[in-house]
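**Student:**
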Amino acid sequence: MTICIGIALSLTACSANSGSTSGTATAGKAANDAQASARAACDTGTPIAAGKRLRIGSTVAPITSIVANVAGDHADIAGLVPEGTNSHTFEPAPSVAAALAKTDVLFANGLKLEEPTKDLAAKNLPNGAVLCELGTAILPVADYIYDFSFPIEGGKPNPHLWTNPPMAKKYAEIIRDVLVRMDPTNAGAYRNNAAAYIARIDGLDAAMATATATVPANQRKLLTYHDAYAYFARHYGWTVIGAIQPSNFDEPTAKEVADLITQVRKTGVPAIFGSEVFPSPVLKQIGAETGVKYVDVLRDDDLPGKPGEPGHSFLGLMQFDYITMVDSLGGDASALKATDISDVNVDTAVYPQ
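Every letter in the sequence shown is one number past the one before it in numbering that gives the first Met the number 0, and letter 15, counting from 1, is 14.
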C-alpha cells in the first residue's frame, strides 16, 4: 500500500507512479490499439426494429445521468452500480445478469473501473448488443494519469474522467452517436437532446474557469479522500497534492499520515476534502493537527439528493463539488451558482441505491 505525496501531477515524490505515461513504445502502441478497439466497439451492434424501445444499461450514476439527458423519453435506462457504493470494488449480484440479458446498449466508464460488471456483461449481453466503454474510447493513452491511488505498477489508470467537463462532453457525444445508430427512428431527438445538454456542460466548464481565476494561485491545491479529480486538476491548472485512499482502498499507515500532515503544512492549503459517502477519520485527524479546515462533503459518483429531486444529476454533482472547492479555498463561486444545471429532459432512469 502506497500513498504518493505529490508536488504536482507532473512532478511527484513517486515519479514512476504519477503524471501521464504510456510506458515503452511497444506498450504505448498496444494501448493505443486498445483505445481504438474500445471506440470501434461503441460502433458495433444491431439497430433495434422500428417501434421498439431501446433498452440501455449504465454503470456509475454520473454516466446514467448523462445517458438519460441524451436519450430523453425514447429509451428505458437502468443503472447497475448502486449510488454510495465503491465502484472500484463493486461486484454485481447474479440478478444483474438477467437485466443484462435484455439490454441493447451498456455504457460503462472503462479504464478498468468496472471489471466485474464488464465480465458479467460479456457473458450475458445478447447478440447484437453494444458494450461501450466511454472513458477508454475517448482518452489517448498518452493522457492517462497514474498517481497516488492508481500507481502505474497496478496497471489501472485513474478512471475519473467525468469530473472534467470537456471529457464528460466527449462522453455525451459518443452516447449520442451510439443511440443514433442503434435507434435511427429517434435520431433527430437524440441529436437535439445532445446539443442542448452539451451546451449545459460547456456552460459549467466556462463557469468553473471563471471561478478558478478567483482562487489564489497558491491555494488551487487538493488533498482529498478519494482520488477523483486528477483530470479536473490538469484541465483547470490545479494541483492534487495527495489522496488518503490508497490503491488497495485500505486506510493509510501512521507514517503515511505523518507524511501527509507534513505536506499539508508545507503547502499551506486552507482546506482539505473528505467524502460524504466515505467518512475519513484520518482526514479529520490531519485537519485537527494542522489547523486546516476539513470539508467532508465531496462526492465523485454519488449524485446529490434522491432520484427525481432537483440536483440529482451529473451537472448537479459537479456544480456542488466545484462550489464546495472554490468556496473552501478562498475563491468566488458566483459564476458556478448562476450556471444552469437543469436536465434537458425529465430523468426517468432507474438509479439503484
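Cβ atoms here follow ideal geometry from the backbone N, Cα and C, with glycine treated the same way. Values in this document were obtained by computation on a predicted structure and should not be read as measured data.
Is the segment 147-163 close to the segment 180-198, with three or more CB pairs under 8 angstroms?
**Tutor:** In short, these stretches do not touch, since the Cβ pair count stays below three.
**Student:** Leaving out the 5 sequence neighbours to the left and right, which residues in its chain are closer than 6 angstroms to Leu99 when beta-carbon positions are compared?
**Tutor:** So the list reads Ala120, Asn123 and Leu124, once near-sequence residues are dropped.
**Student:** Closest by CA to Glu288, which one among Phe313, Leu259 and Glu275?
**Tutor:** Considering only alpha carbons, the answer is Leu259.
**Student:** Figure out for me which residue from Ser86, Asn185 and Ala97 has the closest Cα to the Cα of Leu110.
**Tutor:** Of Ser86, Asn185 and Ala97, the residue nearest in Cα terms is Ser86.
**Student:** Can Gly56 and Ala77 be called in contact, C-beta distance under 7 angstroms?
**Tutor:** Result yes, Cβ atoms of Gly56 and Ala77 sit closer than 7 angstroms.
**Student:** Label Lys265 either buried or exposed according to how many other C-beta atoms from any shown protein chain fall within 10 Å of its C-beta, with 16 as the threshold for buried.
**Tutor:** Counting Cβ neighbours within 10 Å, Lys265 comes out exposed, since fewer than 16 surround it.
**Student:** If you measure from the CB of Ala77, is any heavy atom of the ligand PLP nearer than 6 angstroms?
**Tutor:** The ligand PLP is absent from the structure shown, which contains no ligands of any kind.
**Student:** Just the Cα atoms here: how many angstroms apart are Ile271 and Gly50?
**Tutor:** Cα to Cα, Ile271 sits roughly 52 angstroms from Gly50.
**Student:** Name the one or two DSSP bridge partners that Val59 has.
**Tutor:** Beta-bridge pairing links Val59 to no other residue.
**Student:** With three or more C-beta pairs closer than 8 angstroms as the rule, is the segment 225-237 touching the segment 157-169?
**Tutor:** They touch, by the three-pair rule.
**Student:** In this structure, does DSSP put Leu328 in helix, strand or coil?
**Tutor:** Reduced to three states, the DSSP call for Leu328 is coil.
**Student:** What residue does the alpha helix (DSSP H) around Leu99 start on, and which one ends it?
**Tutor:** Taken as a continuous stretch (DSSP letters only), the alpha helix (DSSP H) holding Leu99 covers Ser94 to Leu99.
**Student:** Can you give me the C-alpha to C-alpha distance between Pro93 and Ala37, rounded to a whole angstrom?
**Tutor:** Between Pro93 and Ala37, the C-alpha separation is close to 26 angstroms.
**Student:** Starting from the C-beta of Ala242, find all residues in its chain whose C-beta is less than 6 angstroms away, skip the five residues before and the five after it, and write them out in chain order.
**Tutor:** Within the same chain, Ala242 has close Cβ partners Phe147, Ser148, Thr223 and Asp226.
**Student:** Excluding five sequence neighbours on each side, which residues of the same chain lie with their C-beta closer than 7 angstroms to the C-beta of Lys101?
**Tutor:** Arg54, listed in sequence order.
**Student:** What does the alpha-carbon distance come out to for the pair Ser333 and Asp339?
**Tutor:** Straight-line Cα distance between these residues: approximately 12 angstroms.
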